[in-house]
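Everything on this sheet refers to the single structure shown next.
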Amino acid sequence: MNQSRLELVYVKLGGSLITVKSKPVTVKSEALDTVVKALRRVYGRVGLVLGNGGGSFAHYAVRRYCNGDPAICISKCHQSTRLLNRLIVDYLVSSGIPASSVQTSAFITVKPGGGFQVFYEPVASLLSLNVIPVVYGECLPSDEGPVVISTEEVFGLLAEVLKPSRIVLLTDVKGIYTCNPSKCSNPELVRRIDKSNLSLILDNLREEAKADVTGSIYGKIESMSRLSSKLGVRVIMTSGFNADEVVSAILKGEVGEGTVIEV
2 MNQSRLELVY
12 VKLGGSLITV
22 KSKPVTVKSE
32 ALDTVVKALR
42 RVYGRVGLVL
52 GNGGGSFAHY
62 AVRRYCNGDP
72 AICISKCHQS
82 TRLLNRLIVD
92 YLVSSGIPAS
102 SVQTSAFITV
112 KPGGGFQVFY
122 EPVASLLSLN
132 VIPVVYGECL
142 PSDEGPVVIS
152 TEEVFGLLAE
162 VLKPSRIVLL
172 TDVKGIYTCN
182 PSKCSNPELV
192 RRIDKSNLSL
202 ILDNLREEAK
212 ADVTGSIYGK
222 IESMSRLSSK
232 LGVRVIMTSG
242 FNADEVVSAI
252 LKGEVGEGTV
262 IEV
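Just so we're aligned: the sequence shown equals residues 2 to 264 in our numbering.
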């Protein structure tokens, strides 16, 4: 399996960064502009796997259509997730950044009885050509009905073979806070999460997990901390609206304002 010999970094464009969550099927063009500026500065210096969250595209479709007929759920979920992914990839390519969409349900399948089968070649082949694969969370068909897989879970499965040096999560805020910055009066930025404070942070955010079909920030911290521990890699969360911080996170694994997860 050939792939680029450059250091590999996974970068997720969070749904809250690239879409307007309160307005279904709406992209934040200013966020994509900042991401493009940062990617231009790092392309060719590291290998990149991008992943995009579902935001107001996927979450809206899952909530509206995935309570009955599984065929409708799968088709509507795929329609919405592919639309957002295509918009992002088209934006990158038109901006001069070599990128290509990789349909998640075409390289990850659900095994009978549970578990996933992953076909790594489509992603590895793009990396070998210095093309940025862009993956995404999706609804996977299974014998038990549709299975929602998040972008973080896709990263985790890919990382079993295509191991990154670090993982960068870009959001609409600087990082992880002690409480939701949009709902509480005194949020404090958590600059580091490790074994000493992981349980406390998760306890504080547990209630918010009910508000997001892929687990909200609670699920993201939980999955990324497991991946950090398993792979021995650093996970950096920072604002996608600050190009300098994005570049520093991707190239150095460091940020001035953000959260580092290292468990």
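Just so it is clear, CB atoms sit at the ideal spot from N, CA and C, and this is done for glycine as well.
With DSSP as the reference, identify every bridge partner of residue i, one or two as the case may be.
i: Ala100; result: Ile133
i: Phe117; result: Val111
What residue range is occupied by the uninterrupted alpha helix (DSSP H) comprising residue i?
i: Tyr325; result: Past the boundaries of the shown model lies residue 325; the chain is included only from 2 to 264, so the question cannot be answered.
i: Lys38; result: 30 to 43
i: Leu206; result: 199 to 206
i: Glu139; result: No alpha helix (DSSP H) contains Glu139, which is instead part of the beta strand (DSSP E) from 139 to 141.
For a quick check, are the C-beta atoms of residue i and residue j less than 8 Å apart?
i: Arg87; j: Ser102; result: yes
i: Leu170; j: Lys13; result: yes
i: Leu141; j: Pro134; result: no
i: His79; j: Glu139; result: yes
i: Val21; j: Thr27; result: yes
According to DSSP, simplified to helix, strand and coil, what is residue i?
i: Cys78; result: helix
i: Thr260; result: strand
i: Ser1; result: The question about residue 1 has no answer here: the residues shown for the chain are numbered 2 through 264.
i: Asp243; result: According to the sequence provided, residue 243 is Asn. The question's Asp does not apply to it. Coil.
i: Asn53; result: strand
i: Leu163; result: coil
i: Thr215; result: Confidence in Thr215 is poor, its pLDDT being 46 and thus under 50, which makes the residue's placement too unreliable to answer from.
i: Val26; result: coil
i: Thr105; result: helix
i: Asn152; result: Correcting the residue type first, residue 152 is Thr in the shown sequence and not Asn. Three-state result, Thr152: helix.
i: Glu223; result: helix
Which residues bound the beta strand (DSSP E) around residue i?
i: Thr172; result: 167 to 172
i: Leu14; result: 9 to 14
i: Val234; result: Where Val234 is concerned, there is no enclosing beta strand (DSSP E), given that its DSSP letter is neither H nor E.
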